[in-house]
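Each protein sequence line maps, in turn, to chains U and D.
So the number in our numbering is just where the residue sits in the first sequence, counting from 1, plus 294.
So the number in our numbering is just where the residue sits in the second sequence, counting from 1, plus 3.
One structure is given below, encoded as structure tokens.
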Amino acid sequence: AQKITQTQPGMFVQEKEAVTLDCTYDTSDPSYGLFWYKQPSSGEMIFLIYQGSYDQQNATEGRYSLNFQKARKSANLVISASQLGDSAMYFCAMREAYNTNAGKSTFGDGTTLTVKP
Amino acid sequence: DVKVTQSSRYLVKRTGEKVFLECVQDMDHENMFWYRQDPGLGLRLIYFSYDVKMKEKGDIPEGYSVSREKKERFSLILESASTNQTSMYLCASSPPLGRIYGYTFGSGTRLTVV
């Protein structure tokens, strides 16, 4: 069974600094996708970044990058130059590949990030 | 630019009522999902659907059913609402070839059962 672990319930970062949110995963599938989502206080989940298990390079999307270490089964999110608007809950998720009909995801418990001015 | 719409943002229902949560997407996505979100428990999958009239149970289907009569609409039904179903319900959709696409979520429905 798939499992996602986020060990940091809450994190603080100073505005304009970088922050790393941890995520480890467990799966027996060789092919999978890893995702990060942001949930502001408004409640809507926003897709941030994707990393495929066979991708050779770490994914980047603007100020977001994913530090993918396959052997360690970790997929940490790095946010550079933090902004006040980055304050939110962040979820790591994994999506199975073989069931290509649906590709349901497993989510971690989330990390609440607070950016201090 | 709304792509996944959940019919209600907040809902208060009484114990024993039959409750319908509606979700509509305008992106022609094959896959649709219902999750519930509770503090400390993350997101848990209730049901999902990969085609019209097709549905599969997720991790916590007990007390729920779903309906997908049209591609764009995926309804979650609480057959007889109970207080332990008080939660935030999130609907999501995605294209096929699921592993390479993130979900698009609706804004959520916060349901309170009294």
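For each residue, glycine too, the CB sits at the ideal point set by N, CA and C.
None of the values given here were measured: they were computed from a predicted structure.
Query raised in the report: Quick one, which residues of the stretch 13 to 27 of chain D are near chain U if we go by CB-CB under 7 Å, in chain order?
Result: none
Requested in this report: Measure the C-alpha to C-alpha separation of D/Glu33 and D/Phe51 and round it to an integer number of angstroms.
Outcome: Counting from one through the second sequence, the residue named residue 33 of chain D turns up at place 30. Counting from one through the second sequence, the residue named residue 51 of chain D turns up at place 48. So the two alpha carbons sit approximately 11 Å from each other.
**Report entry** Three-state class that DSSP yields for D/Leu44 in the structure shown
**Finding:** Position 41 of the second sequence, counting from 1, holds the residue named residue 44 of chain D. D/Leu44 falls in the coil class under three-state DSSP.
Query raised in the report: Between U/Lys398 and chain D, is there a C-beta pair that is closer than 8 Å?
Result: Start at 1 with the first residue of the first sequence, and residue 398 of chain U comes out as number 104. Yes, contact with chain D.
Report task. Could you work out which residue in U/Lys297, U/Ala382, U/Pro411, U/Glu390 is closest to U/Gly304 when comparing CA atoms only? Result -> The residue labelled residue 304 of chain U in the question sits at position 10 within the first sequence. Nearest of U/Lys297, U/Ala382, U/Pro411, U/Glu390 to U/Gly304, Cα basis: U/Ala382.
Report task. Output yes if chain U places a C-beta closer than 8 Å to the C-beta of D/Phe36; else output no. Result -> Here residue 36 of chain D is taken as the residue at index 33 of the second sequence, counted from 1. Answer yes: the Cβ-Cβ gap between D/Phe36 and chain U drops below 8 Å somewhere.
Query raised in the report: What residues in its chain sit with their C-beta under 6 Å from that of U/Asn395, if we drop five residues either side in the sequence?
Result: As a working note, residue 395 of chain U is residue 101 in the first sequence. Unreliable placement is indicated for U/Asn395, whose pLDDT of 49 sits below 50; no coordinate value is reported for it.
Report task. Say whether the stretch 66 to 74 of chain D touches the stretch 102 to 111 of chain D, bearing in mind that this needs 3 or more beta-carbon pairs closer than 8 Å, one atom from each stretch. Result -> In short, these stretches do not touch, since the Cβ pair count stays below three.
Query raised in the report: Do U/Leu315 and U/Gln333 have their C-beta atoms within less than 8 Å of each other?
Result: Residue 315 of chain U sits at position 21 when you count from the first residue of the first sequence. Residue 333 of chain U sits at position 39 when you count from the first residue of the first sequence. Not in contact: U/Leu315 and U/Gln333 (Cβ atoms no closer than 8 Å).
Query raised in the report: Alpha carbon to alpha carbon, what distance is there between U/Ala387 and D/Val7?
Result: Looking up residue 7 of chain D in the second sequence gives position 4. Looking up residue 387 of chain U in the first sequence gives position 93. Their backbone Cα atoms lie some 20 Å apart in a straight line.
Query - Straight-line gap, D/Gly45 to U/Arg357 (C-alpha atoms, nearest Å) - result: Counting from 1 along the second sequence, the entry for residue 45 of chain D is found at position 42. Counting from 1 along the first sequence, the entry for residue 357 of chain U is found at position 63. Their backbone Cα atoms lie some 25 Å apart in a straight line.
Query - Three-way DSSP call (helix, strand, coil) for D/Asp29 in this model - result: The residue labelled residue 29 of chain D in the question sits at position 26 within the second sequence. Coil.
Query raised in the report: If you run the structure through DSSP and keep just helix, strand and coil, what is U/Thr394?
Result: Indexing the first sequence from 1 puts residue 394 of chain U at position 100. Summary for U/Thr394: the model assigns pLDDT 49, below 50, so the residue's position carries little reliability, and this model does not support an answer.
**Report entry** Within chain U, partners of D/Ser110 - CB distance below 7 Å
**Finding:** Along the second sequence, read from residue 1 onward, the residue named residue 110 of chain D stands at position 107. The contacting residues are Gly337, Glu338.
Report task. Give the secondary structure of U/Val409 by DSSP, where H, G and I count as helix, E and B as strand, and everything else as coil. Result -> Numbered from 1 along the first sequence, position 115 holds the residue referred to as residue 409 of chain U. U/Val409: strand per DSSP, three-state reduction.
Report task. Name, please, each residue of chain D whose Cβ falls closer than 9 Å to the Cβ of U/Phe341. Result -> Looking up residue 341 of chain U in the first sequence gives position 47. The answer, in chain order, is Tyr104, Gly105, Tyr106, Thr107, Phe108.
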